[in-house]
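To keep things clear, I will list the structure first and then write my remarks on it.
Numbering (the working numbering), first residue to last: 2 to 479.
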């Protein structure tokens, strides 16, 4: 028993572990479904894969027999499916609402999986569950359900719970606004948001995400000819569309350093700067070694703190796709008519995404070299997230939970990725506090090959969330 909070910490951990192990076979079967998010599967509305995933998770939730729970699977025409769960507060616990968030869509499988591993054949190796989507972010549904089930079975108390699980996060969460508007009255006022779609700096303590980057993304096409021509005949007269792309890229970031121009940067708030210093100190070389560098490739900097800031507070540009380029094996000596690159520009957490969109378009379409045609398609952006301050009691619960299950203090973390919904929820529920956390730690490799879910860490994380949610009872009563 945790004497400070009166919470049976050991019993929570034992029951969480049991429920997780019991759920693993069902979880693995769900992970075998080769579903992908809308952006990567144009037939998502007709092939039934996302819907099957949602139905299987619905069945899992129903089989968990949460007390006083209502489970709804929504699938409005033209939208991806959405799971909504309402759980009444425990008897005598009528005040306060906790909103859980996670998602059940996946990135494409990608290539490069290690021998014996694959995206849709889950396999446990050294306490890590390898597959696509387990860590990002299917586990979140198990986590939320197991936490509330554990509280109820131990006879503890919890506030009113709503769970929102979307199937469009990997495509920018464009569909969730529709469902949130539809469910607005059912959701009601929210006191705490628990998002389980983030990361951790290591697997040794509880990590709370305080910032997430925003982003601007688009496909940019440079066209110089109406059709391809002999490269020996035309080179030196017709400018290369690829070279013009290089020149346009240089307008956004420095080709030698990768530093993005000031149009997309912000001043880092003092509190976040100090938190980043502490986090970089805790993470140490993990800041650099968490990525699978090939051969003798070196990171952009050897300075841990600078690397950490680059990843969480600095705008950064990546080219994540290309069209108009034939395979090297079959390419002929042709000066191609056009080159398309998919730009992914990460933004600092507090950068206005619409302002960044406008700057992006202006930089790429003004005074184009050789007056070539530039077409921008699929332009979109998402807000970053800068978490509001927590009440002292919540900070205390977080620290106590980390000590109980990890024997170390909790640590704050900035993440380089994006969860578009978080800023939306912050605006919709201005009085809400946030716990943004997750299991994406070193080498877990979400979106790439060899994604894994670290099982022991996941169990302890769910125990922490269980501990915190039941510990809220004394603070949400009027």
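Here a beta-carbon is modelled for each residue, glycine too, at the ideal position from N, C-alpha and C. The model shown is predicted, which means the values in this text are computed figures rather than measured ones.
Alpha carbon of residue i to alpha carbon of residue j, nearest angstrom
i, j, result
"residue 10", "residue 404", "10 Å"
"residue 173", "residue 233", "43 Å"
"residue 109", "residue 132", "11 Å"
"residue 203", "residue 460", "15 Å"
"residue 389", "residue 374", "44 Å"
"residue 368", "residue 240", "15 Å"
"residue 243", "residue 176", "35 Å"
"residue 289", "residue 315", "16 Å"
"residue 248", "residue 343", "15 Å"
"residue 378", "residue 220", "5 Å"
"residue 112", "residue 349", "30 Å"
"residue 52", "residue 88", "23 Å"
"residue 153", "residue 385", "35 Å"
"residue 326", "residue 340", "7 Å"
"residue 80", "residue 46", "8 Å"
"residue 347", "residue 12", "42 Å"
"residue 84", "residue 421", "18 Å"
"residue 237", "residue 345", "31 Å"
"residue 198", "residue 438", "6 Å"
"residue 208", "residue 183", "33 Å"
"residue 1", "residue 435", "Outside the displayed range of the chain (2 to 479) lies residue 1, so it cannot be described from this structure."
"residue 1", "residue 281", "Nothing can be reported for residue 1: it is not among the residues displayed for the chain, which extend from 2 to 479."
"residue 29", "residue 453", "13 Å"
"residue 148", "residue 196", "13 Å"
"residue 470", "residue 97", "11 Å"
"residue 128", "residue 445", "12 Å"
"residue 307", "residue 54", "41 Å"
"residue 67", "residue 44", "34 Å"
"residue 230", "residue 42", "34 Å"
Rounded Cβ spacing between residue i and residue j (contact assumed at less than 8 Å)
i, j, result
"residue 294", "residue 166", "In fact, because the Cβ distance is near 35 Å, the residues do not count as touching under 8 Å."
"residue 410", "residue 278", "Not confirmed; about 16 Å, so no contact."
"residue 62", "residue 86", "6 Å"
"residue 200", "residue 414", "7 Å"
"residue 480", "residue 476", "Any answer about residue 480 is impossible in this case: the structure gives the chain only from 2 up to 479."
"residue 1", "residue 260", "Residue 1 is absent from the model: the chain starts at 2 and stops at 479."
"residue 134", "residue 32", "6 Å"
"residue 1", "residue 416", "In the structure as shown, the chain begins at 2 and stops at 479. Residue 1 is therefore absent and cannot be evaluated."
"residue 124", "residue 37", "Their Cβ separation, rounded to whole angstroms, is 20 Å, which puts residue 124 and residue 37 out of contact at 8 Å."
Alpha helix (DSSP H) segment containing residue i, residue limits
i, result
"residue 481", "In the structure as shown, the chain begins at 2 and stops at 479. Residue 481 is therefore absent and cannot be evaluated."
"residue 396", "393-407"
"residue 342", "It is not in any alpha helix (DSSP H) - residue 342 instead sits in the beta strand (DSSP E) that spans 339-348."
"residue 271", "271-284"
"residue 471", "456-472"
"residue 129", "Counting along the chain, residue 129 falls outside any alpha helix (DSSP H), though it belongs to the beta strand (DSSP E) covering 129-131."
Residue i (DSSP reduced to helix, strand or coil)
i, result
"residue 301", "coil"
"residue 477", "helix"
"residue 219", "strand"
"residue 231", "strand"
"residue 367", "coil"
"residue 61", "helix"
"residue 176", "coil"
"residue 122", "coil"
"residue 143", "helix"
"residue 4", "Because the pLDDT of residue 4 is 45, which lies under 50, any placement of that residue in the model is unreliable, and the number read from its coordinates should be weighed accordingly. In the structure shown, residue 4 sits in coil (DSSP, three-state: anything other than H, G, I, E or B)."
"residue 45", "coil"
"residue 425", "helix"
"residue 309", "helix"
"residue 292", "coil"
"residue 157", "coil"
"residue 334", "coil"
"residue 362", "helix"
"residue 56", "helix"
"residue 12", "helix"
"residue 66", "coil"
"residue 387", "strand"
N-terminal and C-terminal residue of the beta strand (DSSP E) that residue i is part of
i, result
"residue 164", "161-167"
"residue 379", "374-383"
"residue 99", "98-104"
"residue 317", "317-324"
"residue 187", "No beta strand (DSSP E) contains residue 187, which is instead part of the alpha helix (DSSP H) from 185-188."
"residue 115", "Element bounds for residue 115: n/a, residue is neither H nor E."
Strand pairing of residue i, partner residues [DSSP]
i, result
"residue 200", "441"
"residue 210", "414"
"residue 85", "73, 165"
"residue 193", "99, 434"
"residue 236", "239"
"residue 261", "254"
"residue 37", "The partner list for residue 37 (beta bridge, DSSP) is empty, contrary to what the question assumes."
Residue-level contact to chain C via CB, residue i, 8 Å cutoff
i, result
"residue 280", "The displayed structure is made up of one protein chain only, and chain C is not part of it."
Residue i beta carbon near the ligand GDP (any heavy atom closer than 7 Å)
i, result
"residue 210", "Judged by which ligands are present, the structure shown has none, so any question about the ligand GDP falls away."
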